[in-house]
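S.K.:
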Amino acid sequence: MNKREVPYKIFLTENEMPKAWYNVCADIKCDPLLNPATHEPAKQEELEAVFSSECARQELNRRDDYIEIPAAVRDFYKMYRPSPLVRAYCLEKYLDTPAKIYYKFEGNNTSGSHKLNSAIAQAYYAKEQGLKGLTTETGAGQWGTALAMACGYFGLDLTVYMVRCSYEQKPQRKTLMTTYGANVIASPSETTEAGRRILAASPDYRSGSLGTAISEAVEAAVTSGGERRYSLGSVLNQVVLHQSVIGIESKRAMEKYDEYPDIIIGCAGGGSNLGGLMSEFMRDRLKGKAKPYFIAVEPMSCPSLTKGVFAYDFCDTGKVTPLAKMYTLGSGFVPAPTHAGGLRYHGMSPVISRLYHDGYIDEARAVSQTDVFDAAVRFARVEGILPAPESSHAIKVAIDEALKCKETGKRKTILFGLTGTGYFDLYAYERFLQGSMTDALPTNEALERSESDVPVV
Ligand SMILES: Cc1ncc(COP(=O)(O)O)c(C=O)c1O
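Letter 115 of the sequence shown, counting from 1, is numbered 115 in this note's numbering, and no numbers are missing.
1) By Cβ distance below 7 angstroms, which residues in the same chain neighbour L210 in space, the five residues on each side in sequence not counted?
2) Could you name the residues of the same chain whose beta carbon sits closer than 8 angstroms to that of A49, not counting the 5 residues immediately before and after it, in chain order?
3) By Cβ distance, which residues of its chain are closer than 8 angstroms to M1, with the 5 residues on each side in sequence left out?
4) In chain order, which beta strand (DSSP E) runs of at least 3 residues are fully inside the stretch 81-142?
5) Please go through the same chain and pick out, in chain order, the residues whose beta-carbon is closer than 7 angstroms to the beta-carbon of S247, but skip the five residues on each side of it.
6) Under 6 angstroms Cβ to Cβ from K29, same chain only, skipping five residues before and after it: list those, please.
7) Beta-carbon within less than 8 angstroms of Y77's beta-carbon, same chain only, minus the 5 sequence neighbours each way: which residues are those?
8) Give every residue of the same chain whose Cβ lies closer than 8 angstroms to the Cβ of E469, excluding the five residues on either side of it in the sequence, and list them in chain order.
9) Please state whether DSSP places F314 in a helix, a strand or coil.
10) How far does the beta strand (DSSP E) with F294 in it extend, from its first residue to its last?
11) Which of the three DSSP states is assigned to V240 in this structure?
12) Could you tell me which of D157, P303, Y94, L386 sits nearest to S353, measuring between CA atoms?
13) Which whole-angstrom value describes the C-beta separation of A388 and T421, a residue pair presumed to lie in contact below a C-beta threshold of 8 angstroms?
14) Report the three-state DSSP secondary structure of M1 (helix, strand or coil).
15) Quick one: residues in its chain with C-beta nearer than 8 angstroms to the C-beta of D96, no 5 flanking neighbours on either side, listed in chain order?
16) So does W21 have its beta carbon nearer than 7 angstroms to some heavy atom of ligand 1?
17) Excluding five sequence neighbours on each side, which residues of the same chain lie with their C-beta closer than 7 angstroms to the C-beta of N35?
18) Drop a sphere of 10 angstroms on the beta-carbon of G417, count the other beta-carbons inside from all chains shown, and report buried for 16 or more, exposed for fewer.
19) What is the DSSP secondary structure of M254, counted as helix, strand or coil?
20) Taking the continuous beta strand (DSSP E) assigned at G417, which residues delimit it?
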């Protein structure tokens with residue numbers, strides 16, 4: 001049978017969209033979160049003080065490999081999903097490569113990223129529980145925008161602690177979140193005990209980090225008298241679970257044309273889009289059905305997988321969260337204020353960390369900011385979409401892999417996650433185009449110092 005010609009964009013119908021998320025934790029050894037005081041596995045009740053009850057349940061679920069997507073969440077998904085799986089014919093032609101390149105484009109909603117996939121689920125469970133609102137942090141602003149959209153939709157209030165360097169680089173992000181009803185505060189701030197403590201210890205520390213913003217947002221939730229809970233846009237098992245919609249859709253779309261990826265590439269900040277893109281492809285690998293090659297791409301300025309230690313550590317700088325077993329640079333690590341704000345996180349999802357540690361994620365690759373922007377501009381010029389700096393990490397490696405195919409003559413099928421758009425990152429593009437962008441890498445001493453602070457468990 002002749003294979004059908006693959007179109008530029010493969011769309012599923014609404015009926016073909018997944019009705020359940022894939023929970024990889026049912027298929028792997030998934031390390032528990034630990035109570036930081038007792039070092040005992042965190043219990044459902046403890047997590048419920050921080051997260052909504054259903055999210056706490058999902059966080060601990062090691063039993064169900066598929067979890068039903070509530071109808072209200074599926075209906076919301078239909079506003080912007082199924083997202084297209086694009087065959088990058090123009091990029092292939094430009095690179096003159098025999099490789100077949102596909103990308104799953106998640107930028108087609110106002111948040112401009114995949115983050116809405118989990119935001120709407122978390123807001124739904126909070127609403128169902130009768131909570132008044134949520135608190136969160138945001139780095140680049142995509143997650144904060146996504147949760148603002150989701151909370152606005154369900155009539156919940158939302159306070160967003162936004163990492164100060166992003167707050168200053170992208171003031172329009174704040175306007176966008178406020179448009180959806182959120183209250184946005186630059187972090188570190190004087191509004192929380194954690195923020196005041198961090199500022200008192202180092203008054204010059206203004207750029208902030210995701211780790212600090214998380215401390216502030218968790219504090220705001222747990223001191224709300226039970227009215228609010230905290231919501232996180234990455235790292236956690238529940239977020240990787242919700243993001244599995246990306247990979248399930250990708251797999252179904254490829255199956256329509258008898259395609260299957262040889263190489264799967266995702267940028268990795270906290271690990272949620274990569275975990276989501278891998279989902280059922282990883283399931284195939286875990287069940288011995290296929291062996292795609294997985295690559296996690298991270299910035300050289302924040303190299304948790306390539307230079308971190310695999311250990312229990314705090315998810316935040318203020319050390320108020322449970323401990324997670326993950327690749328970490330130490331919770332006090334403050335990455336340089338680079339433009340991929342969503343990748344400036346000291347740790348990595350425990351799921352991604354475990355899969356990498358056990359060899360199921362084959363490779364982690366660290367790339368420099370200027371190389372990433374070079375790839376972003378090349379991509380934008382041939383594929384039309386202006387990519388987010390975070391997503392452009394995956395583009396950089398996808399291009400490198402396609403160029404390797406050009407050398408070897410191999411016709412590999414490459415799938416990467418194009419997680420979002422870069423319309424709020426024009427300042428960064430401008431700096432790159434003017435030649436004033438630099439690559440700020442942490443020194444070995446700085447890494448040793450922050451990693452030495454990882455608690456002994
Ligand atoms: C567009 C985009 N891609 C990727 C990421 C990285 O997050 P994660 O590793 O959780 O997918 C972010 C985080 O803010 C983002 O905004």
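Every residue, glycine too, gets a C-beta built ideally from N, C-alpha and C.
M.R.: Quick answer:
1) Here residue 210 refers to the residue found at position 210 of the sequence shown. Closer than 7 angstroms at the Cβ level, and outside the excluded window around L210, lie E137, G139, V163, R344, Y345.
2) Within the sequence shown, numbered from 1, the residue matching residue 49 stands at position 49. Answer for A49: V222, listed in chain order.
3) For the purposes of this step, residue 1 is identified with residue 1 of the sequence shown, where counting begins at 1. A caution first: M1 carries a pLDDT of 47, below 50, which makes its placement in the model unreliable, though a value can still be read off. Within the same chain, M1 has no close Cβ partners at all.
4) 85-87, 100-105, 133-138
5) Position 247 of the sequence shown holds residue 247. Rather than Ser, the amino acid found at residue 247 in this sequence is Gly. Excluding residues within five positions, the ones whose Cβ falls inside 7 angstroms are G276, L277, M278, S279, E280, F281.
6) As a first step, residue 29 is located in the sequence shown; it is residue number 29 there, counting from the start. Closer than 6 angstroms at the Cβ level, and outside the excluded window around K29, lies no residue.
7) In the sequence shown, counting from the first residue as 1, residue 77 sits at position 77. Result list for Y77: M17, I69, N117, I120, V245, in chain order.
8) Only positions 1 to 457 of the chain appear in this structure, which leaves residue 469 out of reach.
9) In the sequence shown, counting from the first residue as 1, residue 314 sits at position 314. Here F314 sits in strand by DSSP.
10) Residue mapping note: residue 294 aligns to position 294 of the sequence shown, counting from 1. Here the beta strand (DSSP E) through F294 covers 293-299.
11) Reading the sequence shown from its first residue, position 240 is the one you call residue 240. Correct three-state label for V240: helix.
12) As a first step, residue 353 must be located in the sequence shown, where it is residue number 353. Here the closest residue by C-alpha is P303.
13) In the sequence shown, the residue the question calls residue 388 occupies position 388. In the sequence shown, the residue the question calls residue 421 occupies position 421. With 8 angstroms as the limit, A388 and T421 qualify as a contact, their Cβ atoms being about 6 angstroms apart.
14) Counting from 1 along the sequence shown, the entry for residue 1 is found at position 1. With a pLDDT of 47 at M1, under the threshold of 50, the modelled position of that residue is not reliable, and the figure given next carries that caveat. The answer is coil: DSSP assigns M1 none of H, G, I, E or B.
15) Working through the sequence shown from its first residue, we reach residue 96 at position 96. So the list reads K406, once near-sequence residues are dropped.
16) Taking the first residue of the sequence shown as 1, we reach residue 21 at position 21. No, the Cβ of W21 stays beyond 7 angstroms of every heavy atom of ligand 1.
17) Taking the first residue of the sequence shown as 1, we reach residue 35 at position 35. Taken in chain order, the residues that qualify are A42, E46, P322.
18) Position 417 of the sequence shown holds residue 417. So G417 ends up on the buried side.
19) On the sequence shown, position 254 is the one that residue 254 refers to. Here M254 sits in helix by DSSP.
20) For the purposes of this step, residue 417 is taken as residue 417 along the sequence shown, with counting starting at 1. Unbroken beta strand (DSSP E) run through G417: 413-418.
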